[in-house]
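A.B. asks: Before anything else, here's the structure in question.
There are 6 protein chains.
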Amino acid sequence: MKEGQIKKFQKERERLNKIVMKYGKTNIKRFYSIDSQTYKAGALSAKTKELLGLVASLVLRCDDCVKYHIIQCRKQKVKDDELEEALSIALVVGGSIVIPHLRRAFEAWKQVHKN
Amino acid sequence: MKEGQIKKFQKERERLNKIVMKYGKTNIKRFYSIDSQTYKAGALSAKTKELLGLVASLVLRCDDCVKYHIIQCRKQKVKDDELEEALSIALVVGGSIVIPHLRRAFEAWKQVHKN
Amino acid sequence: MKEGQIKKFQKERERLNKIVMKYGKTNIKRFYSIDSQTYKAGALSAKTKELLGLVASLVLRCDDCVKYHIIQCRKQKVKDDELEEALSIALVVGGSIVIPHLRRAFEAWKQVHKN
Amino acid sequence: MKEGQIKKFQKERERLNKIVMKYGKTNIKRFYSIDSQTYKAGALSAKTKELLGLVASLVLRCDDCVKYHIIQCRKQKVKDDELEEALSIALVVGGSIVIPHLRRAFEAWKQVHKN
Amino acid sequence: MKEGQIKKFQKERERLNKIVMKYGKTNIKRFYSIDSQTYKAGALSAKTKELLGLVASLVLRCDDCVKYHIIQCRKQKVKDDELEEALSIALVVGGSIVIPHLRRAFEAWKQVHKN
Amino acid sequence: MKEGQIKKFQKERERLNKIVMKYGKTNIKRFYSIDSQTYKAGALSAKTKELLGLVASLVLRCDDCVKYHIIQCRKQKVKDDELEEALSIALVVGGSIVIPHLRRAFEAWKQVHKN
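Residue numbers (numbering that gives the first Met the number 0), protein chains in the order written: chain Z, 0 to 114; chain V, 0 to 114; chain X, 0 to 114; chain E, 0 to 114; chain U, 0 to 114; chain H, 0 to 114.
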């Protein structure tokens with residue numbers, strides 16, 4: 000991922016979400032709404048919730064989801080060693096099959112510090 | 000996905016299937032044969048079967064498979080709201096991890112209407 | 000699955016859903032609500048939607064979900080050969096790893112005809 | 000899950016781990032060692048790590064792993080609403096296919112408060 | 000798994016396969032046929048193929064499939080340390096989420112030596 | 000995959016692994032170490048182990064992992080028909096959802112013979 004790829008990723012995501020919103024009706028819209036509500040600070044902090052979303056995304060091996068939560072973790076001021084420990088858990092739970100996604104997760108992490 | 004990408008996708012798929020057929024022996028060939036038989040109209044219509052294949056592909060998060068079934072759904076004259084309802088089920092069953100693939104599914108759907 | 004197991008399954012499901020509802024707050028409740036809305040008849044019939052839910056559940060190999068949709072398919076008057084064709088698609092998409100769940104799906108199908 | 004099932008679960012787990020240790024050599028033993036190290040308090044608290052393990056286990060739909068982390072969450076003094084929010088994230092990320100495991104997660108949570 | 004459970008497992012498997020064969024038509028029957036052909040000795044020995052089936056089943060976390068291949072591995076005279084190495088690969092590839100299934104795999108392995 | 004893509008893949012992999020090693024601490028490093036130990040010749044040959052890793056990667060549908068093991072299989076002098084039989088097992092176990100990855104696996108296999 001070269002410099003500027005985070006912005007490119009976000010723009011593409013927005014472009015595609017518009018297509019979803021064009022076709023999507025009540026259930027899809029309600030799903031999107033729950034999805035954003037779930038990560039709001041509550042009994043758990045927004046930071047902890049982003050780490051939960053990140054680890055869930057990594058063990059399920061979804062690069063786009065991982066990248067999204069990496070960006071959110073940065074916004075929530077997650078530190079390098081906190082991120083490393085969260086990703087270690089994902090690696091141990093999910094196994095070596097997670098490694099290609101782990102690589103891209105750390106690269107995205109490196110990238111979000113340039114913005 | 001820009002215009003023409005559906006055709007590009009189909010050509011690449013054909014090119015790679017030739018490589019599979021070059022190396023593949025009886026079992027792989029028989030698998031391919033069952034695979035195409037399974038979607039033939041029977042007690043269920045070919046249209047319903049393509050929707051089943053689409054939803055199965057989406058919850059398993061296989062972009063290539065989703066794109067293939069999107070093309071087939073178009074051939075079977077699936078309507079916008081029918082597609083939207085099938086994709087909603089996949090989203091609810093499979094969760095937010097499905098969203099990146101859902102976005103690409105709707106984009107492919109938009110694209111197949113240009114051909 | 001011996002006779003009466005469908006009822007036992009439904010009772011256990013209700014008992015556990017009560018525990019979820021005891022602890023669950025807005026997001027979980029809203030998720031449950033979307034989940035039930037999604038299968039309501041619309042552009043696609045309730046019957047087609049149950050088949051979609053069944054195939055999604057089978058390729059994801061969730062026995063409880065499969066059993067639930069088998070019961071719903073029966074309510075929607077799905078016929079033997081329609082069910083068989085839907086399950087064939089799940090088998091071909093999901094592979095032999097699906098077979099243990101396919102066995103239990105057909106057993107549940109046999110069972111719901113006794114009730 | 001009736002009263003006493005948590006203890007039964009733990010005893011069975013120990014019994015089976017002994018069999019693994021009887022057959023398992025260096026690599027399996029080293030894996031077990033990393034596995035336990037990963038959840039030790041560090042930059043992230045042991046409590047946060049257990050929540051990460053719980054959510055990862057739930058989206059991957061492993062009942063035994065979920066139950067294990069539920070027990071650990073209790074030991075780490077996770078509160079009801081914290082647990083509920085973590086499980087909500089797992090539900091939204093993983094979708095309705097997670098629901099049968101969510102039910103059993105909440106039941107185990109109820110159960111660990113009796114011990 | 001107590002003594003005699005391997006036999007019980009095989010009997011149950013046969014009973015359920017009869018139900019599949021009662022409902023299943025051409026595609027399901029052809030799938031079953033490919034499934035059994037694939038493990039026949041060829042360029043790779045039947046023993047190697049059973050190990051491949053075992054590892055595939057374990058990373059996909061299907062207990063029934065694992066148990067079936069454990070029985071087949073025993074028939075193919077797989078040795079303890081060969082089995083341990085195959086299972087180690089599955090553990091490393093699939094991660095700690097595999098552990099509950101690994102435990103049951105080794106227990107089944109212990110069990111097949113009593114028959 | 001055009002000529003030269005295997006080398007490009009390997010270079011990118013190395014570049015990203017350096018980023019992992021920059022951020023990763025003890026647990027991640029130990030995981031990487033177990034990962035490489037597991038494929039060393041022992042009771043099973045290195046060749047058999049690479050086939051096991053390949054099939055595990057294919058049923059879990061990880062293109063990068065598949066490509067890596069395809070390269071290793073070539074180094075271990077796996078023959079065309081041995082590879083084809085291993086991939087057949089992955090196809091049958093994992094189902095048609097595996098096909099897009101199977102295509103790329105055979106293409107990578109074709110490619111490694113040009114280097």
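Cβ atoms here follow ideal geometry from the backbone N, Cα and C, with glycine treated the same way.
(1) Could you tell me the boundaries of the alpha helix (DSSP H) in which E:G3 lies?
(2) Just mark X:S87 as buried or exposed, buried being the case when its beta carbon has 16 or more other beta carbons within 10 Å.
(3) Which residues bound the alpha helix (DSSP H) around V:H100?
(4) For U:Q4, collect the residues of the same chain with a Cβ closer than 7 angstroms to its Cβ; drop the 5 residues on either side in sequence, then sort them by chain order.
(5) Report the rounded CA-to-CA distance for U:H112 versus X:N16, giving the unit in angstroms.
(6) Between the Cα of E:I69 and the Cα atoms of E:V92, E:E106 and E:V91, which residue gives the shortest distance?
(7) So the candidates are V:G23, V:K24, V:C64 and V:S35; which of them puts its Cα closest to the Cα of V:R12?
(8) Between which two residues does the alpha helix (DSSP H) containing U:C64 stretch?
(9) Return helix, strand or coil for V:S44, following the three-state DSSP convention.
(10) Starting from V:G23, find everything on chain H with Cβ-Cβ shorter than 7 angstroms and list it in chain order.
(11) Short check: CB of X:L90 to CB of U:I18, under 8 angstroms?
(12) Give a yes or no on whether the C-beta atoms belonging to X:A55 and V:V54 are separated by under 8 angstroms.
(13) I want to verify the contact list: residues of chain X whose CB lies under 8 angstroms from the CB of E:K66, in sequence order.
(14) Kindly confirm or deny that the stretch 31-50 of chain E and the stretch 23-40 of chain H touch, where touching means at least three C-beta pairs closer than 8 angstroms.
(15) Specify, as a first and last residue, the run of the alpha helix (DSSP H) that E:G94 falls within.
(16) My output table needs one value for V:G52: the three-state DSSP class, helix, strand or coil.
(17) Go ahead and label H:A40 buried or exposed: buried means 16 or more other beta carbons lie within 10 angstroms of its beta carbon, across all protein chains shown.
(18) When burial is assigned at 16 or more other CB atoms within 10 Å of the CB, is H:R102 buried or exposed?
(19) Based on Cα-Cα distance, which residue from H:F30, H:K21 and H:A85 lies nearest to H:K48?
(20) Which value, in whole angstroms, describes the spacing of the CA atoms of H:M0 and H:L51?
(21) Rounded to whole angstroms, how far is the Cβ of U:V58 from the Cβ of H:V58, which I believe are closer than 8 angstroms?
(22) Kindly indicate the opening and closing residues of the alpha helix (DSSP H) around X:T37.
(23) Where V:W108 and X:R60 are concerned, what is the direct C-alpha to C-alpha distance, given to the nearest angstrom?
(24) For Z:E81, which of E:F30, E:K7 and E:S44 has the nearest alpha-carbon?
(25) Roughly how many angstroms lie between the CA atoms of X:F30 and X:M20, to the nearest whole one?
(26) Can you list the residues of chain H that V:L117 reaches, using a CB-CB cut of under 8 angstroms?
(27) Taking a contact to mean a Cβ-Cβ separation below 8 angstroms, would you say X:G94 touches H:V77 in this structure?
(28) Which same chain residues, not among the five before or five after U:R73, have their C-beta less than 6 angstroms away from its C-beta?
(29) With 8 angstroms set as the bound, which would you pick, yes or no: does the beta-carbon of V:F105 sit closer than that to a beta-carbon of chain Z?
(30) Can you tell me whether V:K66 is buried or exposed, with buried defined as 16 or more other CB within 10 angstroms of its CB?
(31) What's the C-alpha gap between V:D79 and Z:F8?
(32) Quick check: the Cα distance between E:Y22 and X:K6, rounded to an integer number of angstroms?
(33) Anything in the stretch 28-48 of chain H with a Cβ closer than 7 angstroms to a Cβ of chain E? List those residues in chain order, please.
(34) With 9 angstroms as the C-beta to C-beta threshold (strictly closer), list the residues of the stretch 5-17 of chain Z near chain H in chain order.
(35) If you measure from the beta carbon of V:K74 to each beta carbon in chain X, is any gap under 8 angstroms?
C.D. replies: Here's the rundown:
(1) On the fourth sequence, position 4 is the one that residue 3 of chain E refers to. Here E:G3 belongs to no alpha helix (DSSP H), and DSSP marks it neither H nor E.
(2) Taking the third sequence and counting its residues from 1, the one referred to as residue 87 of chain X is at position 88. By the 10 Å Cβ count, X:S87 comes out buried.
(3) By 1-based counting over the second sequence, the position of residue 100 of chain V is 101. Residues I98 to V111.
(4) Working through the fifth sequence from its first residue, we reach residue 4 of chain U at position 5. Excluding positions up to five away in sequence, the list reads Q110.
(5) Position 113 of the fifth sequence, counting from 1, holds the residue named residue 112 of chain U. Position 17 of the third sequence, counting from 1, holds the residue named residue 16 of chain X. Straight-line Cα distance between these residues: approximately 42 angstroms.
(6) Looking up residue 69 of chain E in the fourth sequence gives position 70. Per the Cα distances, E:E106.
(7) As a first step, residue 12 of chain V must be located in the second sequence, where it is residue number 13. Looking at the Cα atoms, V:C64 is the closest of the given residues.
(8) Here residue 64 of chain U refers to the residue found at position 65 of the fifth sequence. Note, U:C64: alpha helix (DSSP H), D62 to K74.
(9) Counting from 1 along the second sequence, the entry for residue 44 of chain V is found at position 45. Coil, per DSSP.
(10) Position 24 of the second sequence holds residue 23 of chain V. Under the 7 angstroms cutoff, chain H gives E83.
(11) Position 91 of the third sequence holds residue 90 of chain X. Position 19 of the fifth sequence holds residue 18 of chain U. The answer is no: Cβ separation not under 8 angstroms.
(12) For the purposes of this step, residue 55 of chain X is identified with residue 56 of the third sequence, where counting begins at 1. For the purposes of this step, residue 54 of chain V is identified with residue 55 of the second sequence, where counting begins at 1. It is a contact, given that the beta carbons lie within the stated cut-off.
(13) The count along the fourth sequence starts at 1 and reaches residue 66 of chain E at position 67. Within 8 angstroms Cβ-Cβ: nothing; E:K66 doesn't reach chain X, min ~14 angstroms.
(14) yes
(15) As a working mapping, residue 94 of chain E is identified with position 95 in the fourth sequence. First-last for E:G94: undefined, no H or E at that position.
(16) Taking the second sequence and counting its residues from 1, one reaches residue 52 of chain V at position 53. Here V:G52 sits in helix by DSSP.
(17) For the purposes of this step, residue 40 of chain H is identified with residue 41 of the sixth sequence, where counting begins at 1. The residue is exposed, with fewer than 16 neighbouring Cβ atoms inside 10 Å.
(18) What you label residue 102 of chain H is simply residue 103 of the sixth sequence in a count that begins at 1. H:R102 is buried by the Cβ-count criterion.
(19) For the purposes of this step, residue 48 of chain H is taken as residue 49 along the sixth sequence, with counting starting at 1. Measuring from the Cα of H:K48, the nearest candidate turns out to be H:A85.
(20) To locate residue 0 of chain H, count along the sixth sequence from 1; it is residue 1. To locate residue 51 of chain H, count along the sixth sequence from 1; it is residue 52. Low confidence applies here, because H:M0 scores a pLDDT of 47, under 50, leaving its location unreliable and the question unanswered by this model.
(21) Your numbering for residue 58 of chain U matches position 59 in the fifth sequence. Your numbering for residue 58 of chain H matches position 59 in the sixth sequence. Confirmed, about 6 angstroms.
(22) Position 38 of the third sequence, counted from the first residue, corresponds to residue 37 of chain X. Looking at the DSSP string, the run of the alpha helix (DSSP H) that includes X:T37 is T25 to T37.
(23) Position 109 of the second sequence, counted from the first residue, corresponds to residue 108 of chain V. Position 61 of the third sequence, counted from the first residue, corresponds to residue 60 of chain X. Straight-line Cα distance between these residues: approximately 28 angstroms.
(24) Here residue 81 of chain Z refers to the residue found at position 82 when the first sequence is read from its first residue. Closest by alpha carbon: E:S44.
(25) For the purposes of this step, residue 30 of chain X is taken as the residue at position 31 of the third sequence. For the purposes of this step, residue 20 of chain X is taken as the residue at position 21 of the third sequence. Taking the straight line from one Cα to the other gives about 12 angstroms.
(26) Only positions 0 to 114 of chain V appear in this structure, which leaves residue 117 of chain V out of reach.
(27) In the third sequence, the residue the question calls residue 94 of chain X occupies position 95. In the sixth sequence, the residue the question calls residue 77 of chain H occupies position 78. Not a contact, by the Cβ cut-off of 8 angstroms.
(28) Position 74 of the fifth sequence, counted from the first residue, corresponds to residue 73 of chain U. Cβ neighbours of U:R73 beyond the five flanking positions: V111.
(29) Residue mapping note: residue 105 of chain V aligns to position 106 of the second sequence, counting from 1. Interface residue, yes.
(30) Numbered from 1 along the second sequence, position 67 holds the residue referred to as residue 66 of chain V. Burial call: buried.
(31) In the second sequence, residue 79 of chain V corresponds to position 80, counting from 1. In the first sequence, residue 8 of chain Z corresponds to position 9, counting from 1. Their Cα atoms are separated by approximately 27 angstroms.
(32) Numbered from 1 along the fourth sequence, position 23 holds the residue referred to as residue 22 of chain E. Numbered from 1 along the third sequence, position 7 holds the residue referred to as residue 6 of chain X. Their Cα atoms are separated by approximately 42 angstroms.
(33) R29, F30, I33, Q36 and T37
(34) none
(35) As a working note, residue 74 of chain V is residue 75 in the second sequence. No - not a single Cβ of chain X is within 8 angstroms of the one on V:K74.
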